[in-house]
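Colleague: Let me begin by handing over the structure; questions about it come next.
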Amino acid sequence: MLLPLVLLTLASDYDVLIQNARIIDGTGNAWFRGDLGVKAGRIAAIGNLKGKTADRTIDAANRVATPGFIDVHTHVEGNIEESPSADNYLLDGVTTIVTGNCGGSVINVGDWFRKLEQLGIGLNVATLIGHNGVRSEVMGRANRPATPDEIARMQGIIDRAMRDGAVGFSTGLIYIPGTYSNTDEVVALAKAASKYGGVYASHMRNEGEEILSAIREAVTVGKESGLRVQLSHFKINTPKIWGFSEQSLALVEQYRQQGVDVVVDQYPYDRTSTNLGIMLPSWALADGPAKVTERIQDPATRKKILADMKAFVTGRGHTDYSFATVAAYRPEPKYNGKTISEINLLLSRPRGLDSEAETILDMMVKGGAQMIYLSMGDVDIERILRYPQTAIASDGGIQTTGRGMPHPRSFGTNAKVLAEWVRDRKVLTLEDAIRRMTSLPARTFAFHDRGILKEGAAADILIFDPVKVQDKSTFTDPHHYSEGFDYVLVNGKLAVENGKLTAGRHGVALRRADTSR
C-alpha cells in the first residue's frame, strides 16, 4: 500500500525582516547596526538576524530604522472620516496621532472609536476629551461661570469618555466657550479625568505677554488634579516680545525641578493657524452665531468690537492685518491665500487697520474663515526646539489635496525638522530629534508599547535616508507630501512601500492604558 506524499512547508521566522539598518531606537541613544524581525504586528527580534527567513525582506541599505512618529497634537475630527487613510501623516512618518486637542473633541469617545474601527484607519488614533466640547454640550456658548449642577454634568461626560479610552483632558482657553471658565472649573473637570490617569493638555489662555501667568494656571490644574501636563504648541506669539521664550522655558524647567511632570510640544514654523474669530474680543463671540451677528450689526456694539480689535492688534506690535492670511473661506474661495490687507484692497476699501477690521467683521457675518497668522520669531522657535522636553507635533489635520490653502505643518512637520533643523542647521542631533518624535510623546501619553524599538513593542517602524528626507509643502504651495520616508510600517504591515502609499489601513483606535492609582 502506497502512502500519500505529504509536502511540509516550513513557516517563515518573521512576517517582515528588515536587514542592514542603522537602528535609532527612539531613546536618544546613538544608532547601532542591526536587523529587525517583525511577527504578528510586534517586534520579535533585534540584532544580527542573518540566516532568518521572512515572508517579506527589506534591505534597509544603511538607511535608518526608527520608531514611527507620534504626533500628540492634531485635529482630525470630521476629516478622518472623509480621508481615513491619513495619507499626509503617513508620508511624513507619522504612525500614531493624538486628537481632541485645544478643548475640541468628539463627545462620545466610545461610539467614535467604534466608527473608526469599522471604517478602517491608516494610522493609530488616540483622543483627549475636550473642555470646549463638553462645556458646549452642557452650557452652550454661555459667557458665565458654571453652576455646581453644570460642573457635575460635565464631570459625568468626562468620566464616560475616560472609561471609553480617552487619554486625558484638553483645554483651549483662548477659544469659546472655554475662555469663559475660571481655573476652579478647569481643575474640577480635570479631576474627573485624573482618577483614570492621563494627561492635561492645554492651549493656554495666553501665549504672549501674559504667558507666565498662563503657564502657572496650567501647572496649577495639573498639580491639583494629579494629571501630567502637556503645554500645547509652545510659542511666543507676540512680535513685540519675541525672545521671551527664555523666561517662559525657565519657568517650565523650574516646575520640573520641583517635581511637576510638565512638558511642551512645538511645530517648527513661524505662523499659527486657527479661526478668524480670535481677532474679535471673546465677549463678542458668546451665545452662538446668531448673537455674534446681532452684535456685529448693532452700530454701538460694532464700534466697541472694533475698538477692542484695534487695541488687541496694536498691543501685539502690528500696524495692520497683513500678518493674517486666509487659508479657507467658503463664501469666496478667491480669498484663499490672500491677506486681510489684500482682501481689503480687493474690496476697494481704504488701506489701514480700521478698514481691515471692518472687512473681518463682514467675513465673520458670512461664517468666518480658517486663517494663518504670522506671529512667531526665529529666536523663540529655535530656543524652544533646543529645550530637551519639547516634543514635535504638527497641530495639523488630515488634508484633502487641492482644497484651500492649509498650513504646511499638516504635510511636513517631521520632514522639516529632519531636513532643516537636523541636517542643514544642525540644531538637533538626529537621535535627539527622533526621541522628540517618538519616546518623549509615548512616555507622556503612556503609550507603553510604542515610541521605542524594542522586542515586544508594536511594530510601528520607519525606514528612511536622513540625507534625502525633505518637506515640500510651503505656505504659498501647500499641497505637497513630504519625500524620503521609504517604508512605513503600522502595526507590522506596510503602509508606505518604496515611498508610495499602499492600499492597506492598518491603524487601530488607541484606548487609554489603565494608569489609575
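Residue numbers (my numbering): 13 to 529.
Note that the Cβ used here is the ideal one computed from N, Cα and C, for glycine as well.
These figures come from a predicted structure and were not determined experimentally.
Could you check where the alpha helix (DSSP H) with residue 423 kicks off and where it finishes?
Modeller: 421 to 428 is the span of the alpha helix (DSSP H), which, as asked, contains residue 423.
Colleague: Distance check for residue 198 and residue 390, CA to CA, integer angstroms please.
Modeller: 33 Å
Colleague: Leaving out five residues on either side along the sequence, give the residues of the same chain with a beta carbon under 6 Å from the beta carbon of residue 454.
Modeller: 82, 462 and 463
Colleague: For residue 81, which residues does DSSP report across the bridge?
Modeller: 106
Colleague: What separation, rounded to the nearest whole angstrom, lies between the Cα atoms of residue 232 and residue 42?
Modeller: 37 Å
Colleague: Under the three-state reduction of DSSP, which class applies to residue 48: helix, strand or coil?
Modeller: Three-state result, residue 48: strand.
Colleague: At the level of alpha carbons, what is the spacing between residue 13 and residue 22?
Modeller: Its pLDDT being 46, under 50, residue 13 is placed unreliably by the model, and the measurement read from it follows with that caveat. About 28 Å.
Colleague: Within the same chain, show all residues whose beta-carbon is closer than 6 Å to that of residue 440, passing over the 5 residues directly before and after it, in chain order.
Modeller: 433 and 434
Colleague: From 272, 380, 523 and 291, pick the residue whose C-alpha is nearest to that of residue 345; which is it?
Modeller: Among 272, 380, 523 and 291, the Cα nearest to that of residue 345 is on 380.
Colleague: Can you list, in chain order, the stretches of the beta strand (DSSP E) that have 3 or more residues and sit fully within the region 241 to 301?
Modeller: 274 to 278 and 283 to 287
Colleague: Take residue 124 and list the residues in its own chain whose beta-carbon comes closer than 7 Å to its own, dropping the five residues that flank it on each side.
Modeller: 118
Colleague: Taking the alpha carbon of residue 255 as the point to measure from, which residue in 387, 342, 87 and 85 has its own alpha carbon closest?
Modeller: 387
Colleague: Of all Cβ atoms in chain D, is any one closer than 9 Å to the Cβ of residue 84?
Modeller: Although the question refers to chain D, the structure presented lacks it and comprises just one protein chain.
Colleague: When you compare each of 469, 280 and 175 to residue 445 by their alpha carbons, which one comes out closest?
Modeller: 280
Colleague: For residue 258, collect the residues of the same chain with a Cβ closer than 7 Å to its Cβ; drop the 5 residues on either side in sequence, then sort them by chain order.
Modeller: 395
Colleague: Below 7 Å CB to CB, which residues in the same chain sit around residue 183 once its five sequence neighbours on both sides are set aside?
Modeller: Same-chain partners within the cutoff: 115, 143, 190, 198, 214 and 215.
Colleague: Specify the secondary structure class of residue 403 as computed by DSSP and reduced to three states.
Modeller: Residue 403 sits in a strand when the DSSP states are folded into three classes.
Colleague: Please go through the region 311 to 376 and give each complete alpha helix (DSSP H) segment of 4 or more residues, from N-terminal end onward.
Modeller: 311 to 327 and 352 to 358
Colleague: Could you pull out every residue in the same chain whose Cβ sits closer than 6 Å to the Cβ of residue 19, ignoring the five residues on either side in sequence?
Modeller: Here the model assigns residue 19 a pLDDT of 47, short of 50, so the residue's position is not dependable, and the following value carries that caveat. Cβ-Cβ distances below 6 Å link residue 19 to nothing in the same chain once the five nearest sequence neighbours on each side are left out.
Colleague: For residue 260, collect the residues of the same chain with a Cβ closer than 8 Å to its Cβ; drop the 5 residues on either side in sequence, then sort them by chain order.
Modeller: 223, 224, 227, 246 and 248
Colleague: Got a sec? Which residues, its chain only, sit under 6 Å from residue 33 by beta carbon, not counting five neighbours each side?
Modeller: 72 and 77
Colleague: Are the beta-carbon atoms of residue 458 and residue 523 separated by less than 9 Å?
Modeller: no
Colleague: For the region 100 to 107 against the region 421 to 429, are there 3 or more C-beta pairs whose distance is under 8 Å?
Modeller: yes
Colleague: Buried or exposed: which applies to residue 10, given that a residue is buried once 16 or more other Cβ atoms fall within 10 Å of its Cβ?
Modeller: No answer is possible for residue 10: the residues shown for the chain start at 13 and end at 529.
Colleague: Which two residues bound the contiguous beta strand (DSSP E) that contains residue 215?
Modeller: For residue 215, the uninterrupted beta strand (DSSP E) run begins and ends at 211 to 215, by DSSP.
Colleague: Can residue 241 and residue 272 be called in contact, C-beta distance under 9 Å?
Modeller: yes
Colleague: Can you tell me which of the three DSSP states residue 147 falls into?
Modeller: In this structure, residue 147 counts as helix in the three-state DSSP scheme.
Colleague: Could you check the C-alpha separation between residue 367 and residue 334 for me, to the nearest Å?
Modeller: 12 Å
Colleague: Around the Cβ of residue 337, are there at least 16 other Cβ atoms within 10 angstroms (buried) or fewer (exposed)?
Modeller: Its Cβ being crowded by 16 or more others within 10 Å, residue 337 is buried.
Colleague: Ends of the alpha helix (DSSP H) at residue 128?
Modeller: 121 to 131
Colleague: Rounding to the nearest angstrom, what Cα-Cα distance links residue 310 and residue 365 in this structure?
Modeller: One Cα belongs to residue 310, the other to residue 365, and the distance between them is close to 20 Å.
Colleague: Considering only heavy atoms of the ligand NAD, does any lie closer than 8 Å to the CB of residue 479?
Modeller: Although the ligand NAD was asked about, the structure shown includes no ligands whatsoever.
Colleague: DSSP on residue 224, reduced to helix/strand/coil?
Modeller: helix
Colleague: In chain order, what residues of the same chain lie with their CB nearer than 8 Å to the CB of residue 508, ignoring the 5 residues before and after it?
Modeller: 102, 103, 497, 498, 499, 500 and 514
Colleague: Kindly identify the DSSP beta-bridge partner or partners of residue 91.
Modeller: DSSP lists no partner for residue 91.
Colleague: From this set, 474, 492 and 489, which residue's C-alpha is nearest residue 510's C-alpha?
Modeller: 474
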